[in-house]
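A.B. asks: Numbering (the numbering used here), first residue to last: 24 to 295.
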Amino acid sequence: MENINIKQSDGAASLAKVYAIANQKGGVGKTTTALTLGEALTREGKKVLVIDLDPHANASVHMSYFPETVTTSAHDLFFDDADFKSLWGKIVKKREWVGFDFVPASIRLSELEVDLKDRKNKGMVLSNSLDEVKEYYDYILIDCPPHVGVLLVNAIVAADIVLIPIQTDFLALYGIRLLFDTIKILNKVLPSPVKFRALPTMYDGRAGACRKILNLIRRKLGDKVFSTVIHMDTKFREACASGRIIFDVDPKTRGAQEYMQLAREIVRNENA
24 MENINIKQSD GAASLAKVYA IANQKGGVGK TTTALTLGEA LTREGKKVLV
74 IDLDPHANAS VHMSYFPETV TTSAHDLFFD DADFKSLWGK IVKKREWVGF
124 DFVPASIRLS ELEVDLKDRK NKGMVLSNSL DEVKEYYDYI LIDCPPHVGV
174 LLVNAIVAAD IVLIPIQTDF LALYGIRLLF DTIKILNKVL PSPVKFRALP
224 TMYDGRAGAC RKILNLIRRK LGDKVFSTVI HMDTKFREAC ASGRIIFDVD
274 PKTRGAQEYM QLAREIVRNE NA
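Spelled out as structure tokens, the structure:
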């Protein structure tokens, strides 16, 4: 698929809202959320960009962009600061079977910890580059790596909201604590506190432990938790295995409908 041209939407007046989808525990639904929510928002008539910022490149592989064949990627954003406008036109990709635009990852993202070691304001690189494309989108979703480092910091600093998928089991709560520790550190140096919303995922209402964790999350985080809950749905695995989004497998399945509900909740909150 050829690179796309960045074109401004007719009558565009506002800048994209940036969501960093983050949790310092893997396997909680970050990539599924980034891709499925991205598609759900496009079905609500929104212009969406999804960025894979994880060196593991799970979202990219899901979208059939394999690291060994990708020549331009999110990695380039951290080096070519001479002409971001031109660079975005090269790294933004389009698949005909999804409505959103996509920026693939590179395994070289893992090298940035060393490469940017002595760079001034290294936590602001992504934020500065996103300024060049915010006018073309309604939402920008960033699939973040699970570990603390320069990539996660860049994503959080660039984000308007950190969206935290929380798997409804006890081990997932540990990853939340680590992420909150990172946010607290950033809040000491950022001009305004980091905003976040939690999304319960992989929920099974038949399991007492899941119900207990969901109640605990709601009690501790209050209105910072989305009302939408994402249940377990085998169609997610089917979609991943076929390299598609769940809407292509079965748009009426529970998981697809819940991400549509999440998209509507986000849009409604933005308009409130």
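Positions of the beta carbon are idealized from the N, C-alpha and C atoms, including for glycine. Keep in mind the model is a prediction, meaning the values are calculated, not measured.
From the DSSP output, in three-state form, read off LEU139 for me.
C.D. replies: For the purposes of this step, residue 139 is taken as the residue at position 116 of the sequence shown. Note: LEU139 maps to coil in three-state DSSP.
A.B. asks: Need the endpoints of the beta strand (DSSP E) that ALA43 sits in, please.
C.D. replies: Counting from one through the sequence shown, the residue named residue 43 turns up at place 20. Where ALA43 is concerned, the enclosing beta strand (DSSP E) stretches over 40 to 44.
A.B. asks: Taking the alpha carbon of LEU196 as the reference point, which residue from VAL41, LYS40 and ASN46 has its own alpha carbon closest?
C.D. replies: Here residue 196 is taken as the residue at index 173 of the sequence shown, counted from 1. Residue ASN46 is the option with its Cα nearest to LEU196.
A.B. asks: Starting from LEU72, trace the beta strand (DSSP E) in both directions and tell me its first and last residue.
C.D. replies: Here the question's residue 72 lines up with position 49 in the sequence shown. Unbroken beta strand (DSSP E) run through LEU72: 71 to 75.
A.B. asks: Just reading off the beta strand (DSSP E) that LEU186 is part of, what are its end residues?
C.D. replies: Counting from one through the sequence shown, the residue named residue 186 turns up at place 163. Unbroken beta strand (DSSP E) run through LEU186: 184 to 190.
A.B. asks: Mind listing, in chain order, the continuous alpha helix (DSSP H) runs of no fewer than 4 residues lying wholly within the stretch 190 to 242?
C.D. replies: 195 to 210
A.B. asks: For a minimum of 3 consecutive residues, which ranges assigned as the beta strand (DSSP E) are wholly contained in the stretch 96 to 128?
C.D. replies: 124 to 126
A.B. asks: Grouping DSSP H, G and I as helix and E and B as strand, with all else coil, what is HIS85?
C.D. replies: On the sequence shown, position 62 is the one that residue 85 refers to. HIS85 falls in the helix class under three-state DSSP.
A.B. asks: Quick check on DSSP: helix, strand or coil for VAL248?
C.D. replies: The residue labelled residue 248 in the question sits at position 225 within the sequence shown. Strand.
A.B. asks: Closest to VAL156 by CA distance: which of GLN280, ILE74 and ALA286 is it?
C.D. replies: Position 133 of the sequence shown, counted from the first residue, corresponds to residue 156. When only C-alpha atoms are compared, the closest one is ILE74.
A.B. asks: Hey, quick one: how far does the beta strand (DSSP E) through ILE289 stretch, first residue to last?
C.D. replies: Here residue 289 corresponds to residue number 266 of the sequence shown, with the count starting at 1. Segment 277 to 294 is the alpha helix (DSSP H) holding ILE289; no beta strand (DSSP E) there.
A.B. asks: May I ask you to report which of helix, strand or coil DSSP gives ASP271?
C.D. replies: Position 248 of the sequence shown, counted from the first residue, corresponds to residue 271. Helix.
A.B. asks: What is the residue span of the alpha helix (DSSP H) that LEU153 lies within?
C.D. replies: Residue 153 sits at position 130 when you count from the first residue of the sequence shown. Element bounds for LEU153: 148 to 153.
A.B. asks: What is the rounded straight-line gap between the Cα of GLY115 and the Cα of PHE193?
C.D. replies: Translated into the one-based positions of the sequence shown, residue 115 becomes position 92. Translated into the one-based positions of the sequence shown, residue 193 becomes position 170. According to the sequence shown, residue 115 is Val rather than Gly. Rounded to the nearest angstrom, the two C-alpha atoms are 38 Å apart.
A.B. asks: Touching or not, the stretch 204 to 213 and the stretch 172 to 191, by the rule of three or more beta carbon pairs under 8 Å?
C.D. replies: yes
A.B. asks: Leaving out the 5 sequence neighbours to the left and right, which residues in its chain are closer than 8 Å to SER265 when beta-carbon positions are compared?
C.D. replies: Against the sequence shown, residue 265 aligns to sequence position 242. Around SER265: ASP271 and VAL272.
A.B. asks: Mind checking who ASP161 pairs with in its DSSP beta bridge?
C.D. replies: Here residue 161 corresponds to residue number 138 of the sequence shown, with the count starting at 1. In DSSP, ASP161 forms no bridge with anything.
A.B. asks: Please confirm if the stretch 60 to 69 is in contact with the stretch 123 to 130, defined as three or more CB-CB distances below 8 Å between the two stretches.
C.D. replies: yes
A.B. asks: So, under 8 Å CB-CB, SER83 and ALA128 are touching, yes? Tell me the CB distance rounded to an integer number of Å.
C.D. replies: Here residue 83 corresponds to residue number 60 of the sequence shown, with the count starting at 1. Here residue 128 corresponds to residue number 105 of the sequence shown, with the count starting at 1. Their Cβ separation, rounded to whole angstroms, is 5 Å, which keeps SER83 and ALA128 in contact under 8 Å.
A.B. asks: Between the beta-carbon of ARG118 and the beta-carbon of MET283, is there less than 8 Å?
C.D. replies: Sequence index remark: in the sequence shown, residue 118 carries index 95 (1-based). Sequence index remark: in the sequence shown, residue 283 carries index 260 (1-based). Going by C-beta atoms, ARG118 is not nearer than 8 Å to MET283.
A.B. asks: Per DSSP, which residues does HIS254 bridge with? Please list them.
C.D. replies: Here residue 254 refers to the residue found at position 231 when the sequence shown is read from its first residue. Partner(s): TYR226.
A.B. asks: So does ALA195 have its beta carbon nearer than 7 Å to some heavy atom of the ligand MN?
C.D. replies: As far as ligands go, the structure on display features none, and thus does not contain the ligand MN.
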